[in-house]
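A.B. asks: Under numbering that gives the first Met the number 0, think of the first position of the sequence shown as 0, with each following residue one higher. Below is a structure I'd like to ask you about.
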Amino acid sequence: MRQKKVKKKYKFSDIAWRDLSLIAVVLVGLFLFSVAGMALGALFLKHMSQLQLAMISTLAQLMAYVVVIFVFYFLHIHTFGERFKKGLQYLKRRWFIIIIAFLLAYGLSSLYEWLMQFLPKHLQYSDTQNEMALDQLFKVHAFIPFAFLLIVIVGPIVEELVFRHILIGELGKKFNFIVMGIISAVLFTYIHVTDAKSPFEFGAYFILAIALVSVYLISKRNLAASISLHMLNNLVSFIYTLWSIFYN
0 MRQKKVKKKY KFSDIAWRDL SLIAVVLVGL FLFSVAGMAL GALFLKHMSQ
50 LQLAMISTLA QLMAYVVVIF VFYFLHIHTF GERFKKGLQY LKRRWFIIII
100 AFLLAYGLSS LYEWLMQFLP KHLQYSDTQN EMALDQLFKV HAFIPFAFLL
150 IVIVGPIVEE LVFRHILIGE LGKKFNFIVM GIISAVLFTY IHVTDAKSPF
200 EFGAYFILAI ALVSVYLISK RNLAASISLH MLNNLVSFIY TLWSIFYN
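Spelled out as structure tokens, the structure:
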């Protein structure tokens, strides 16, 4: 007769509180790199256009995110290799879960966007404000590699560290993984729609957020799973944006 698995009870001491410092690193890094970028811009450029401001903001975000990744590595320097190995092993065995989650999220997003055309005109949107802001970066071709690094590589890593690893993986130990998963999805969506013109822009990102949370929980909180899904989603969006700019 099979023995029932005993659900592990976590203590507050089980939470890797040091990892919460990554949130402070993100905020401080964004502030310092943004101030430095603006200062250099004011020094060498007489007048900064909206595009140049967007480029400075992107470089500041890129550098801040790189710092966060290095800080996370050093916080877990003794176990990072094992974590990385387990992540790769999961992806080799369960890569199809990432593909299925991506296709489901893409299908639901397409359906959602199709339904949006039936809304009153003042509530409709073609692209989210966040997407339009990112599209500006593709106007300067030399800047595309930096946009790629932020959108496809370091952005997904840092956002998964904060919204999945910290909120669900760590705080979920005491505040329930499902509850923190819902909070994670809502907060992730909110930071992507802060400049939204239509309240329905929320839904577009919430679908992705639910997919990321679901994959993270299904994988038993394997960070490699949600990072891979996030990267795949952003890579497809990145390629589509390039295609629409250069071939339409």
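Virtual Cβ for every residue (Gly too), placed ideally from N, Cα, C. If you're wondering where the values come from, they're calculated on a predicted model, not measured in any experiment.
1) Quick one: measure Cβ to Cβ for I14 and E200, integer angstroms, because I've assumed they're closer than 8 Å.
2) Given a cut-off of 8 Å on the beta-carbon distance, is the pair L74 and D18 in contact?
3) Among the candidates H46, M47, L52 and W16, whose CA atom is the shortest distance from the CA of F32?
4) Out of curiosity, what's the CA-to-CA distance linking K85 and K45?
5) Candidates L149, H140 and Q135: which alpha carbon is nearest L50's?
6) Enumerated in chain order, which unbroken segments of the alpha helix (DSSP H) with a length of 4 residues or greater are wholly contained in the segment 103 to 156?
7) For Y105, which of Y204, Y215, Y189 and F137 has the nearest alpha-carbon?
8) DSSP state of H191, grouped into three classes?
9) Apart from the five residues just before and just after L148, which ones in its own chain have a Cβ nearer than 8 Å to its Cβ?
10) Using the three-state DSSP reduction, which class does Y9 fall into: helix, strand or coil?
11) Can F137 and I244 be called in contact, C-beta distance under 8 Å?
12) Run through DSSP, which three-state label would S56 get?
13) To the nearest angstrom, report how far apart S109 and N233 are at their CA atoms.
14) When the Cβ atoms of the segment 62 to 70 are set against those of the segment 181 to 198, are three or more pairs found closer than 8 Å?
15) Check whether the Cβ atoms of E159 and I76 sit closer than 8 Å, and answer yes or no.
16) State the DSSP-derived secondary structure class of T78, mapped to helix, strand or coil.
17) Would you mind stating whether Q123 and S197 have Cβ atoms separated by less than 8 Å?
18) I'd like to check one pair, H229 with L241: are the Cβ atoms closer than 8 Å?
19) Take I209 and list the residues in its own chain whose beta-carbon comes closer than 6 Å to its own, dropping the five residues that flank it on each side.
20) Taking C-beta to C-beta, are Y72 and I206 nearer than 8 Å?
21) Could you compute how far the alpha carbon of A35 sits from the alpha carbon of V24?
22) Near I238, what residues of its chain come up, given a Cβ to Cβ distance below 8 Å and the 5 sequence neighbours on each side ignored?
C.D. replies: Reading off the structure:
1) Incorrect: roughly 33 Å between the Cβ atoms, too far for contact.
2) Contact: yes.
3) Of the candidates H46, M47, L52 and W16, the one whose C-alpha sits nearest the C-alpha of F32 is L52.
4) Each residue's Cα considered, the two are about 51 Å apart.
5) Check the Cα spacing between L50 and each of L149, H140 and Q135: the tightest is with Q135.
6) Whole alpha helix (DSSP H) segments, 4+ residues: 128 to 134 and 143 to 147.
7) Relative to the Cα of Y105, the nearest Cα in the group Y204, Y215, Y189 and F137 belongs to Y204.
8) When DSSP states are grouped into helix, strand and coil, H191 belongs to the helix group.
9) Excluding sequence positions up to five before and after L148, its CB lies within less than 8 Å of the CB of L61, all in the same chain and listed in chain order.
10) The DSSP-derived three-state label of Y9 is coil.
11) The criterion of a C-beta distance shorter than 8 Å is satisfied by F137 and I244.
12) Secondary structure of S56 (DSSP, three-state): helix.
13) Within the model, the alpha-carbon separation for S109 versus N233 is close to 15 Å.
14) These segments do not touch.
15) Against a cut-off of 8 Å, the Cβ pair of I76 and E159 comes out as no contact.
16) Three-state DSSP puts T78 in coil, outside helix and strand.
17) For Q123 and S197, yes; Cβs fall inside 8 Å.
18) L241 is not a Cβ neighbour of H229, given a cutoff of 8 Å.
19) Taken in chain order, the residues that qualify are A184.
20) Not closer than 8 Å, so no.
21) Each residue's CA atom was taken as its position, placing A35 and V24 some 16 Å apart.
22) Once the five neighbours on either side are set aside, I238 has no close Cβ partner at all.
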